[in-house]
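Participant:
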Amino acid sequence: MEEVDVEPTITNIPAISDGKHMGFAWGPGDILVYETRYKASGASGSGCSFIHEIRKDEDIYSPILRKLFNESHHIFVGLQTIREDLPSKSKKPQFVSISKNYRSVIRACMEELQQVAVSTKNTELATQCGNQVSILLAIELIWNLCEVLFIDAAPAGSLLLHLLDWVRLHKADVDEKAREVLQSESPAEHRDYWDVVVSYVLQGRLEEVRQMLVKQANLQPAARSMYKQMDTLLSKMPFYNPGGTQTLTEFDVKWRHWHEDVDRCLQDNSFASNRHLELICKILLGDEDTLLDHKELLGTWYHFLVTRLLFCHPTVKLTELHYYAQSCMTMFLDSRSVPEPLDNILLAAFEFDIHQVIKECSIALNNWWFVAHLTDLLDHCKLLQSHNLHFGSNLREFLLLEYASGLFTHHSLWQLAVDYFDHCPEFGRVYLELQIERVPLETERKALKVLRVCEQRQMSEQVRSICKIMAMRALRNNRLGSALSWSIRAKDAAFATLISERFLQDYCAKGTFSDLDLIDNLGPAMLLSDRLTFLGKYREFHKLYGEKRFREAAKLLLSLMTAKIAPQSFWMTLLTDALPLLEQKEVIFTADQTYELMFCLEELTSSLNITASSTDRPMQEEDVEVTKVELLRLALARNLAQAIVKEGTVEI
Amino acid sequence: MNIFFSNSKDNRISIWSIGSNLSTGMEDGFEGDPQLLCEHKHDGDVLDLQFLDQDRIVTASSTGAVTIFRHHQNSQTISVSQLWARAHRYPCDNAPCTGVVCSSPEIVTVGEDGRIVVFRADQEGVVRVIENADSSTIHAVTYLRTTEILTVNSIGQLKLWDFRQQSNSPSQILSLSGDRVPLHCVDRHPNQQHIVATGGQDGMLCVWDVRQGNTPFSLMEAHTAEMWEVHFHPTNPDHLFTCSEDGSLLHWETSSHSDMPSFLQGGRNSSMVSRSAMAPAGGKQPLISAWLSGDSSKGRLETTHMLPSQTLSVNSLDVLGPCLVCGTDGEAIFVNRQVPV
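Residue numbers (UniProt numbering), protein chains in the order written: chain P, 1 to 652; chain E, 1 to 341.
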């Protein structure tokens with residue numbers, strides 16, 4: 001077995017007392033645990049009658065996160081339908097926009113969770129929502145970086161601009177502070193004023209810096225020239241314009257010139273009298289020590305990384321990133337020894353180790369949503385080498401299957417999971433076949449939806465099994481019509497036979513048919529099973545008799561026996577039904593028909609005689625049977641006589 | 001301010017409001033999110049719901065219960081006003097209640113147990129029960145006249161029940177000959193009480209005339225999967241809406257030409273014109289509604305898809321005025337405020 005990457009977490013089950021042995025059983029998304037009586041030594045202890053259900057993934061039951069699952073399902077299905085044969089140049093913008101869609105869904109959920117966390121009075125709910133918000137923030141951060149590095153994969157020049165956007169998006173507190181400062185009476189004298197200015201510089205938002213500095217300049221007319229100089233420096237900083245005509249080399253040259261200008265200013269001690277402006281100057285030069293002095297303003301090592309790149313190496317290429325990333329992280333984090341999981345994930349992303357990113361995310365998160373969707377998108381961008389796992393199929397499919405299996409345990413999200421299984425070519429169908437049979441079917445409507453899924457995918461085994469479950473349930477509740485309609489849907493002849501037997505038993509017991517509306521209107525479904533056909537025809541016989549169409553009724557009755565549609569066990573009843581017809585004044589059965597009836601009776605009695613010698617049957621029953629047979633014989637003989645006479649008579 | 005109710009799979013009843021501002025700049029009728037006003041827990045899945053009056057709705061639950069909820073407009077809350085816990089049941093199990101229809105204060109419900117139960121709002125007990133009304137599941141119910149209801153079941157039959165009669169058997173049974181396709185929904189024409197539309201498992205839309213014969217008047221292929229709901233537009237009955245498991249919502253619009261002189265034809269009002277033109281001409285000829293033109297090629301029948309893209313199953317819809325609301329299995333509600341009727 002492979003080594004484990006992390007130590008497994010231990011979960012204590014409070015209800016089970018210390019030291020007891022536990023038994024367990026795996027479920028689709030959870031595990032059932034119970035206390036056993038086993039004791040390592042000594043007599044067996046007392047048991048406990050509780051079963052505990054332990055679930056790893058609570059997220060699917062969160063009402064707000066459900067939106068995430070539903071929306072991302074929509075995006076996922078859209079992604080699968082992008083045509084494969086388009087050239088990759090036109091596909092890239094599509095992939096980027098899909099990635100942005102995913103991210104906007106994450107953000108929408110985050111905002112809603114944040115609202116709930118702030119407005120609720122329930123502290124437990126507030127903490128839970130708060131936790132979920134931070135997880136989603138981290139997820140969006142990682143996804144955004146993956147989009148920048150892997151999917152968009154911009155060339156040098158644009159790359160830095162994208163990274164700048166990334167950092168700015170995830171450092172919202174600067175704007176809040178700035179708002180606070182600007183709304184105060186004298187912004188330039190606010191205690192956070194310089195913090196805001198420096199933060200803006202660190203983020204490369206030089207326009208805002210200039211606007212802020214103007215306020216300060218107005219307060220210090222004496223230093224006006226110094227501020228003017230700084231303003232000039234700031235305005236002259238070149239930013240690469242991807243859509244412009246300037247090439248990268250031209251930009252680089254321009255940037256170096258500017259960099260030299262700034263350096264000269266520093267060497268000249270132009271800003272020596274104002275420590276703040278000198279600080280800004282040093283930052284513009286990308287001085288590491290100065291940057292590291294402002295760790296609290298930077299907040300994270302990746303902010304440090306991007307700032308350093310901005311002011312030292314704006315033409316950084318994708319392939320060069322990882323040198324800077326590693327060193328920046330080491331420099332920034334040397335007070336703490338152990339980097340957090342998020343840091344490792346981001347570092348792995350900068351190092352272009354996609355598999356490591358996915359692996360670390362899988363370990364850190366308790367829900368497969370993020371890794372499944374991200375991997376799927378990266379796979380579509382053809383960025384994952386076909387990395388075959390030791391088990392199962394490739395990585396993308398493995399993650400999607402895990403995610404979808406988790407969804408299937410939910411009472412209504414299972415419908416989303418079906419689409420995910422559809423897009424897993426190797427094992428999706430098998431998984432679906434196994435899972436779909438285990439969806440609990442409380443209402444007929446749900447059963448119909450499940451059946452529709454199965455029928456669309458030609459899963460006939462599952463259709464039959466589900467219909468049988470519904471039919472058995474209906475039968476148990478005495479809903480014979482429902483049971484029959486389920487067996488018709490499954491084309492299950494055996495079950496239809498079972499239901500007909502029930503009807504016939506009811507008839508024998510009560511003497512009348514129940515559920516006439518069903519039997520009278522069977523239609524072509526009658527042909528599904530022999531017994532069902534018999535039932536329909538037998539009912540027809542009764543109807544004909546009721547309408548006094550005796551000849552036709554007689555013919556039908558006879559054909560039921562001779563064509564062997566009727567089961568032998570029922571022949572006695574049929575023959576007894578024939579009695580009133582035989583006893584009629586008018587001769588109904590012809591001589592031939594009478595002979596046939598007699599033949600049937602003989603067949604019946606001879607087969608009965610063979611089995612009748614058991615002594616289990618009470619005497620009265622035997623008497624009744626014998627009397628019936630005698631009556632029949634008499635009636636048949638009389639009818640035969642009359643028929644022969646009638647047929648032999650010639651009308652003159 | 002339009003209000004609609006929704007039932008969610010989390011088993012809650014929610015009330016939403018959609019603002020009545022139809023700003024001129026809106027091209028896509030789906031703009032503007034509905035606002036959630038209030039919600040309440042519900043035991044079991046809500047399989048059907050109907051307005052009883054201005055403030056109250058009745059819901060049919062998968063646990064077999066029938067509940068009346070009251071919406072308090074002032075405090076924007078919902079409370080349970082009345083509950084019949086086991087309106088539909090099996091001897092040892094719960095039977096889902098599948099359909100409910102009201103004509104205040106009377107409420108009629110049907111369920112998987114094949115019973116029809118009549119309640120009265122504000123009265124504790126059951127007013128009338130028709131036991132064993134059907135040997136299969138009754139899927140939907142609608143009023144035909146004040147004392148008559150129509151039910152559809154899972155062996156493809158329409159049954160007419162007359163409450164004035166004391167017997168427990170239907171006064172009329174209509175069905176399609178041939179395959180017994182389960183019928184899932186039924187709706188009656190708002191003005192002409194003999195015209196009824198049904199939808200079934202195979203997605204076919206059938207229009208029936210309950211006075212004549214016991215087979216449908218016309219059959220139209222509508223959807224590729226079960227049709228869950230069919231609704232005539234309440235004020236403009238030339239429009240019909242159907243929604244289905246296949247994720248589409250269709251808007252049917254009929255206007256019939258008939259063989260009349262051309263000077264009487266023309267324009268969208270042709271259905272109005274045809275009615276008045278035919279009556280004096282024939283004298284004995286009955287008023288033929290556009291829906292009963294039999295051959296759908298003779299009448300003009302237009303269908304349009306109402307939803308922008310493929311979604312999961314559309315389970316339910318309702319329409320009032322120019323406003324259409326529907327809900328899908330993807331837990332999304334679509335509101336269209338500019339339905340062309």
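Ideal Cβ placement from N, Cα and C applies to all residues, glycine included.
None of these values were measured; they are calculated from a predicted model.
Can E:S136 and E:P96 be called in contact, C-beta distance under 7 angstroms?
Facilitator: Here residue 136 of chain E refers to the residue found at position 136 when the second sequence is read from its first residue. Here residue 96 of chain E refers to the residue found at position 96 when the second sequence is read from its first residue. In this structure, E:P96 does not lie closer than 7 angstroms to E:S136 by Cβ.
Participant: In whole angstroms, what is the alpha-carbon distance linking P:G286 and P:L233?
Facilitator: The residue you call residue 286 of chain P lines up with position 286 of the first sequence. The residue you call residue 233 of chain P lines up with position 233 of the first sequence. Cα to Cα, P:G286 sits roughly 14 angstroms from P:L233.
Participant: Only counting the same chain, and skipping five residues up and downstream in sequence, which positions put a Cβ closer than 6 angstroms to that of P:L342?
Facilitator: Walking along the first sequence from the start, residue 342 of chain P turns up at place 342. Here the set comprises A138.
Participant: Verify whether the separation of the beta carbon atoms of E:A152 and E:A140 is less than 7 angstroms.
Facilitator: The residue given as residue 152 of chain E occupies position 152 in the second sequence. The residue given as residue 140 of chain E occupies position 140 in the second sequence. Checking the displayed sequence, the identity of residue 152 of chain E turns out to be Val instead of Ala. Against a cut-off of 7 angstroms, the Cβ pair of E:A140 and E:V152 comes out as a contact.
Participant: What residue range is occupied by the uninterrupted alpha helix (DSSP H) comprising E:H42?
Facilitator: Numbered from its first residue, the second sequence carries residue 42 of chain E at position 42. That residue, E:H42, is in no alpha helix (DSSP H); it is neither H nor E in DSSP.
Participant: Considering Cα atoms alone, identify which of E:L312, E:Q123, E:G321 and E:A222 is closest to E:A337.
Facilitator: The sequence position of residue 337 of chain E within the second sequence is 337, counting from 1. This sequence places Arg at residue 337 of chain E; Ala is not what is there. Of the candidates E:L312, E:Q123, E:G321 and E:A222, the one whose C-alpha sits nearest the C-alpha of E:R337 is E:G321.
Participant: Can you give me the start and stop residues for the beta strand (DSSP E) that E:D209 sits inside?
Facilitator: Locating residue 209 of chain E in the second sequence gives position 209, where the first residue counts as 1. Element bounds for E:D209: M204 to D209.
Participant: For E:S296, collect the residues of the same chain with a Cβ closer than 8 angstroms to its Cβ; drop the 5 residues on either side in sequence, then sort them by chain order.
Facilitator: Reading the second sequence from its first residue, position 296 is the one you call residue 296 of chain E. In this prediction, E:S296 has a pLDDT of 47, which is less than 50 and means its spatial position is unreliable; what the coordinates show is noted afterwards. Excluding positions up to five away in sequence, the list reads S218 and M220.
Participant: Threshold first: 3 residues or longer. Then list the beta strand (DSSP E) segments lying entirely within the region 44-128 of chain P, N to C.
Facilitator: Qualifying beta strand (DSSP E) stretches, in chain order: 51-55.
Participant: Pick out the complete beta strand (DSSP E) segments inside the region 251-309 of chain P, 3 residues or longer, and give them in chain order.
Facilitator: Counting only unbroken stretches of 3 or more residues, no beta strand (DSSP E) element lies wholly within the region 251-309 of chain P.
Participant: If you check the beta carbons only, do P:P639 and P:T594 fall under 7 angstroms apart?
Facilitator: If you number the first sequence from 1, residue 639 of chain P lands on position 639. If you number the first sequence from 1, residue 594 of chain P lands on position 594. Position check: residue 639 of chain P holds Asn in this sequence, whereas Pro was assumed. Yes, Cβ-Cβ distance for P:N639 and P:T594 is below 7 angstroms.
Participant: Beta carbons nearer than 7 angstroms to chain P: which residues of the region 201-232 of chain E have them?
Facilitator: A225 and E226
Participant: Which term fits E:I13, buried or exposed, when burial requires 16 or more other beta carbons within 10 angstroms of its beta carbon?
Facilitator: By one-based count along the second sequence, residue 13 of chain E stands at place 13. E:I13 is buried by the Cβ-count criterion.
Participant: Throw me the rounded Cβ distance for the residue 661 of chain P and P:S270 pair, which I believe falls under 8 angstroms.
Facilitator: Residue 661 of chain P is absent from the structure shown; chain P starts at 1 and stops at 652.
Participant: Rounded to whole angstroms, what is the Cα-Cα separation between E:G283 and E:D53?
Facilitator: By 1-based counting over the second sequence, the position of residue 283 of chain E is 283. By 1-based counting over the second sequence, the position of residue 53 of chain E is 53. Note that E:G283 scores 34 on pLDDT, short of 50, meaning its location in the model is unreliable and no value can be drawn from it.
Participant: Please report whether the beta-carbon of E:L240 lies at a distance below 7 angstroms from any beta-carbon of chain P.
Facilitator: In the second sequence, the residue the question calls residue 240 of chain E occupies position 240. Not closer than 7 angstroms to any Cβ of chain P, the Cβ of E:L240 fails to qualify, so no.
Participant: Can you give me the start and stop residues for the beta strand (DSSP E) that E:G327 sits inside?
Facilitator: Numbered from 1 along the second sequence, position 327 holds the residue referred to as residue 327 of chain E. C323 to T328 is the extent of the beta strand (DSSP E) around E:G327.
Participant: Consider the Cβ of E:G330: report whether some Cβ of chain P lies at a distance smaller than 7 angstroms.
Facilitator: On the second sequence, residue 330 of chain E is found 330 positions in, with the first residue counted as 1. Yes, because at least one Cβ of chain P sits closer than 7 angstroms to the Cβ of E:G330.
Participant: Under the rule that 16 or more other beta-carbon atoms within 10 Å means buried, what is P:L434, buried or exposed?
Facilitator: Position 434 of the first sequence, counted from the start, is the residue given in the question as residue 434 of chain P. P:L434 should be labelled exposed.
Participant: For P:A55, I'd like the list of residues in its chain whose CB is within less than 6 angstroms of its CB, leaving aside the five on either flank, ordered along the chain.
Facilitator: The count along the first sequence starts at 1 and reaches residue 55 of chain P at position 55. Sequence check: residue 55 of chain P is Arg here, not Ala. Answer for P:R55: D30, listed in chain order.
Participant: Considering only C-alpha positions, which residue in the set P:R457, P:K215, P:W414 and P:R168 is nearest to P:R66?
Facilitator: Working through the first sequence from its first residue, we reach residue 66 of chain P at position 66. Nearest neighbour of P:R66 by Cα position, chosen from P:R457, P:K215, P:W414 and P:R168, turns out to be P:W414.
Participant: What does E:D93 pair with, by DSSP beta-bridge criteria?
Facilitator: As a position in the second sequence, residue 93 of chain E is number 93, starting the count at 1. The partner list for E:D93 (beta bridge, DSSP) reads E:Y90.
Participant: I'd like to know whether the C-beta atoms of E:S316 and E:G327 end up nearer to each other than 7 angstroms.
Facilitator: On the second sequence, residue 316 of chain E is found 316 positions in, with the first residue counted as 1. On the second sequence, residue 327 of chain E is found 327 positions in, with the first residue counted as 1. Yes, Cβ-Cβ distance for E:S316 and E:G327 is below 7 angstroms.
Participant: Can you name, in chain order, every residue of its own chain whose Cβ lies under 8 angstroms from the Cβ of P:R551, other than the five neighbours on each side?
Facilitator: Your numbering for residue 551 of chain P matches position 551 in the first sequence. Counting only Cβ-Cβ distances below 8 angstroms, and skipping sequence neighbours, we find I588.
Participant: Tell me the residue span of the alpha helix (DSSP H) that contains P:I488.
Facilitator: Walking along the first sequence from the start, residue 488 of chain P turns up at place 488. L480 to R489 is the span of the alpha helix (DSSP H), which, as asked, contains P:I488.
Participant: Spell out whether any CB of chain P is found under 7 angstroms from the CB atom of E:E112.
Facilitator: As a first step, residue 112 of chain E is located in the second sequence; it is residue number 112 there, counting from the start. Chain P, which has a Cβ nearer than 7 angstroms to the Cβ of E:E112, makes this yes.
Participant: Tell me the residue span of the alpha helix (DSSP H) that contains P:Q456.
Facilitator: By 1-based counting over the first sequence, the position of residue 456 of chain P is 456. Element bounds for P:Q456: E444 to Q456.
Participant: Nearest CA to the CA of P:M572: which residue from P:Y545, P:K548, P:C600 and P:G546?
Facilitator: Translated into the one-based positions of the first sequence, residue 572 of chain P becomes position 572. Taking only the C-alpha atoms, the option nearest P:M572 is P:C600.
Participant: Between which two residues does the beta strand (DSSP E) containing E:N336 stretch?
Facilitator: Residue 336 of chain E sits at position 336 when you count from the first residue of the second sequence. In the DSSP annotation of this structure, the continuous segment of the beta strand (DSSP E) that includes E:N336 starts and ends at I333 to N336.
Participant: May I ask you to list, following chain order, the residues of the region 72-100 of chain E that have a beta carbon less than 9 angstroms from some beta carbon of chain P?
Facilitator: Taking 9 angstroms as the Cβ-Cβ cut-off against chain P, the residues of the region 72-100 of chain E that qualify are Y90, P91, C92, D93, N94, A95, P96 and T98.
Participant: For a test of the three-state rule: what should DSSP assign to E:V341, helix, strand or coil?
Facilitator: Walking along the second sequence from the start, residue 341 of chain E turns up at place 341. Reduced to three states, the DSSP call for E:V341 is coil.
Participant: Pairing CB atoms from the region 395-403 of chain P with CB atoms from the region 376-387 of chain P, are three or more of them under 8 angstroms?
Facilitator: yes
Participant: Please list, in chain order, the residues of the region 433-449 of chain P that have any C-beta partner in chain E closer than 9 angstroms.
Facilitator: Here the close residues are E442, T443, E444, R445, K446, L448 and K449.
Participant: With P:G536 as the anchor, note down where its alpha helix (DSSP H) starts and where it stops.
Facilitator: Numbered from its first residue, the first sequence carries residue 536 of chain P at position 536. Taken as a continuous stretch (DSSP letters only), the alpha helix (DSSP H) holding P:G536 covers D530 to G546.
Participant: Who are E:H251's beta bridge partners in DSSP?
Facilitator: Sequence index remark: in the second sequence, residue 251 of chain E carries index 251 (1-based). Per DSSP, E:F241 and E:T304.
Participant: Leaving out five residues on either side along the sequence, give the residues of the same chain with a beta carbon under 6 angstroms from the beta carbon of E:S104.
Facilitator: Stepping through the second sequence from its first residue, residue 104 of chain E is reached at position 104. Once the five neighbours on either side are set aside, the close Cβ partners of E:S104 are L52 and D53.
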